[in-house]
Amino acid sequence: MAALLFLPSSHLVSTSSSLPFTIPLSPFPPHRRLLPQRTYLSSSSSPTRSHIVISRPSATASSSSSSSFTTTTDAAASPFDAADEGKFDWYSQWYPVALVADLDKRAPHAKTVMGLDLVVWWDRAAGKWQVFDDRCPHRLAPLSEGRVDPWGRLQCVYHGWCFDGNGSCKYIPQAPASGPPVHTNNKACVAVYPSIEQNKVVWFWPNADPQYKDIIEKKRPPFIPEMDDPSYTCTTGIREILYGYEVLVENLMDPAHVPYAHRGILGARRRVEPGRAEVDREGGGPINMKIEESSKSGFLSKQDLGYFKFVAPCLIYGAGSNDKPVKPQDEISAETHQKQRRFILIFMCIPVSPGRSRLIYAFQRNFAVWVDRFVPRWIYHVGQNLILDSDLYLLHIEERKIAKAGLSNWQKACYVPTKSDSMVIAFRNWLRKYSNYQVDWGTIDTEYLPPTPPKEQLMDRYWSHVAQCSSCSAALKGLKVLKVSLQVVSLSLIGVVAAAKHSFTSAITRTALISMAVLCFMTSQWLSHFIKKNFYFHDYNHAFK
Numbered sequence: 429m430a431a432l433l434f435l436p437s438s439h440l441v442s443t444s445s446s447l448p449f450t451i452p453l454s455p456f457p458p459h460r461r462l463l464p465q466r467t468y469l470s471s472s473s474s475p476t477r478s479h480i481v482i483s484r485p486s487a488t489a490s491s492s493s494s495s496s497f498t499t500t501t502d503a504a505a506s507p508f509d510a511a512d513e514g515k516f517d518w519y520s521q522w523y524p525v526a527l528v529a530d531l532d533k534r535a536p537h538a539k540t541v542m543g544l545d546l547v548v549w550w551d552r553a554a555g556k557w558q559v560f561d562d563r564c565p566h567r568l569a570p571l572s573e574g575r576v577d578p579w580g581r582l583q584c585v586y587h588g589w590c591f592d593g594n595g596s597c598k599y600i601p602q603a604p605a606s607g608p609p610v611h612t613n614n615k616a617c618v619a620v621y622p623s624i625e626q627n628k629v630v631w632f633w634p635n636a637d638p639q640y641k642d643i644i645e646k647k648r649p650p651f652i653p654e655m656d657d658p659s660y661t662c663t664t665g666i667r668e669i670l671y672g673y674e675v676l677v678e679n680l681m682d683p684a685h686v687p688y689a690h691r692g693i694l695g696a697r698r699r700v701e702p703g704r705a706e707v708d709r710e711g712g713g714p715i716n717m718k719i720e721e722s723s724k725s726g727f728l729s730k731q732d733l734g735y736f737k738f739v740a741p742c743l744i745y746g747a748g749s750n751d752k753p754v755k756p757q758d759e760i761s762a763e764t765h766q767k768q769r770r771f772i773l774i775f776m777c778i779p780v781s782p783g784r785s786r787l788i789y790a791f792q793r794n795f796a797v798w799v800d801r802f803v804p805r806w807i808y809h810v811g812q813n814l815i816l817d818s819d820l821y822l823l824h825i826e827e828r829k830i831a832k833a834g835l836s837n838w839q840k841a842c843y844v845p846t847k848s849d850s851m852v853i854a855f856r857n858w859l860r861k862y863s864n865y866q867v868d869w870g871t872i873d874t875e876y877l878p879p880t881p882p883k884e885q886l887m888d889r890y891w892s893h894v895a896q897c898s899s900c901s902a903a904l905k906g907l908k909v910l911k912v913s914l915q916v917v918s919l920s921l922i923g924v925v926a927a928a929k930h931s932f933t934s935a936i937t938r939t940a941l942i943s944m945a946v947l948c949f950m951t952s953q954w955l956s957h958f959i960k961k962n963f964y965f966h967d968y969n970h971a972f973k
């Protein structure tokens, strides 16, 4: 991800012990997953389309390939070959769902996480965001297409059934008042997932069993103090991506691709190695990384640009500073921490379904905070979406090639001899050791990846970002109004010149009016191109960058 090069220096700013959160030493005890039952069409019953078949890893493949996977090179040496800590339970974790800034309290919102269809809505009575299973118990219509009624209940618009924040059905219009209270039947309830608002993000626990109602008292999402610190500016965004969670995570852990995949977008720092002649114009070079603190819960990487920490399954946290480097054994006082010019990168990588993921990001700094008071949020999103688009097609195709090779054959199909791939190797090792090479999708059929759509759909910006972003959707409406207004002004000026008698207007006046009309029309045309390019679709041709 190009933003990895935004770190202002190569100095470490903190130690693993002074990070703003800690990796838990022991995970929450495994439990039996009690998820809302759902039916999936098998691959054989789907229409004939071009699919990519995933070679499923077997126990034999796992055992036979584990050693070569971790000893390909010194850079690939794995810290995960210690005593087995058990498998990672994907359904005993908190997952980020959405940014609070992009949620409208007046309407329910549809989201998908870990293959679970969710509806997020504001419960006025409880004063919190609720996360429900996105289906009405009546006829399984999506509640996300419903509304919040005047009494603050979630209403299904198919037949008007209403639900409170506990998932209880409070009203069935078709049931006579004098009849039995059918709305109190357990079958009339909606599955409710534990949820919490933290760091301006709505999180949920993917198990609706009542025994996990108070899970927040036993296990909390990773807390990041900087996201709530007023001394930091925070630019947040969200993007739906048509490639899977595994590829998204490893791409964000790979700073070496930035000067090449994002050429022409970011000014990456040129790396000069003594004794080595410059061989390319992009200026890429060796990147030193060292993996530390590896466990089932994640790992820490120290590198040239600072440090990065992966907190399984979703969070990647990185930081850097321009100030004096802090040695690992030093303790940082609150005053020293405050004086340092720090830049924080936060990526929340969300598994949506096989071949689909969602990225929530936050870029923070404690210097030049005043800039964000004048630059609107959507301006930042224009640049960030271009960064994501510039390697989106590459990664979409890469994922399918990895699937063809077989998930358990990653180390054989990919040649990763340098330290710059250390975090990618560590992540693939983590998947191998704790999750059988991939996300545990439960009952979802993972044999096929979705077919590759046309580029216009693959790199679509409107549905993948703008429609979900409050800032960009408002900016789009405003720019469309401005475009139409400029066209109206242009036509009006031409009409005035045509209707005015020559005796009442001088040649200079007529020329000025016509010039203004032409300028307004040309501006509206430029604005039309700007809107299409930045809010709908922007292709990226690497050959001409």
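Note that the numbering used here has the sequence shown beginning at 429, numbered continuously upward.
Glycine included, C-beta positions come from ideal geometry on N, C-alpha and C.
None of the values given here were measured: they were computed from a predicted structure.
Beta-carbon proximity of residue i to residue j, cut-off 8 Å
{"i": "residue 624", "j": "residue 649", "result": "yes"}
{"i": "residue 568", "j": "residue 536", "result": "no"}
{"i": "residue 726", "j": "residue 738", "result": "yes"}
{"i": "residue 554", "j": "residue 547", "result": "no"}
{"i": "residue 584", "j": "residue 566", "result": "yes"}
{"i": "residue 1056", "j": "residue 865", "result": "Past the edges of the chain, shown from 429 to 973, lies residue 1056, and the structure says nothing about it."}
{"i": "residue 525", "j": "residue 541", "result": "yes"}
{"i": "residue 743", "j": "residue 717", "result": "no"}
{"i": "residue 516", "j": "residue 899", "result": "no"}
{"i": "residue 693", "j": "residue 814", "result": "yes"}
{"i": "residue 655", "j": "residue 792", "result": "yes"}
{"i": "residue 914", "j": "residue 948", "result": "yes"}
{"i": "residue 965", "j": "residue 860", "result": "no"}
{"i": "residue 788", "j": "residue 666", "result": "yes"}
Residue closest to residue i, alpha-carbon to alpha-carbon, out of the options
{"i": "residue 523", "options": "856, 574, 814 and 644", "result": "644"}
{"i": "residue 831", "options": "843, 874, 813 and 814", "result": "874"}
{"i": "residue 956", "options": "909, 615 and 934", "result": "909"}
{"i": "residue 630", "options": "550, 605 and 819", "result": "550"}
{"i": "residue 880", "options": "821, 858 and 850", "result": "821"}
{"i": "residue 869", "options": "838, 780, 922 and 667", "result": "780"}
{"i": "residue 627", "options": "641, 663, 714 and 952", "result": "663"}
{"i": "residue 615", "options": "723, 514 and 596", "result": "596"}
{"i": "residue 878", "options": "661, 783 and 652", "result": "783"}
{"i": "residue 622", "options": "612, 609 and 637", "result": "637"}
{"i": "residue 845", "options": "618, 676 and 684", "result": "684"}
Residue i: CB within 7 Å of a non-hydrogen atom of the ligand SAM
{"i": "residue 843", "result": "No copy of the ligand SAM appears in this structure; indeed no ligand is present at all."}
Classification of residue i by the beta-carbon crowding that lies within 10 angstroms, buried from 16 upward
{"i": "residue 581", "result": "buried"}
{"i": "residue 786", "result": "buried"}
{"i": "residue 891", "result": "exposed"}
{"i": "residue 855", "result": "buried"}
{"i": "residue 843", "result": "exposed"}
{"i": "residue 634", "result": "buried"}
{"i": "residue 587", "result": "exposed"}
{"i": "residue 632", "result": "buried"}
{"i": "residue 851", "result": "buried"}
{"i": "residue 827", "result": "buried"}
{"i": "residue 953", "result": "exposed"}
{"i": "residue 773", "result": "buried"}
{"i": "residue 847", "result": "buried"}
{"i": "residue 659", "result": "exposed"}
Beta-bridge pairing of residue i - partner residues as DSSP gives them
{"i": "residue 564", "result": "According to DSSP, residue 564 bridges with nothing at all."}
{"i": "residue 625", "result": "630"}
{"i": "residue 655", "result": "The partner list for residue 655 (beta bridge, DSSP) is empty, contrary to what the question assumes."}
{"i": "residue 551", "result": "556"}
{"i": "residue 791", "result": "663 and 773"}
{"i": "residue 784", "result": "781"}
{"i": "residue 816", "result": "Beta-bridge pairing links residue 816 to no other residue."}
{"i": "residue 685", "result": "Per DSSP, none; premise fails for residue 685."}
{"i": "residue 717", "result": "731"}
{"i": "residue 583", "result": "575 and 590"}
Coil, strand or helix - residue i by DSSP
{"i": "residue 939", "result": "helix"}
{"i": "residue 961", "result": "helix"}
{"i": "residue 839", "result": "helix"}
{"i": "residue 966", "result": "coil"}
{"i": "residue 523", "result": "strand"}
{"i": "residue 545", "result": "strand"}
{"i": "residue 971", "result": "helix"}
{"i": "residue 664", "result": "strand"}
{"i": "residue 888", "result": "strand"}
{"i": "residue 739", "result": "strand"}
{"i": "residue 824", "result": "helix"}
{"i": "residue 948", "result": "helix"}
{"i": "residue 955", "result": "helix"}
Chain B contact for residue i (CB, 8 Å cutoff)
{"i": "residue 860", "result": "This model lacks chain B altogether; it includes just one protein chain."}
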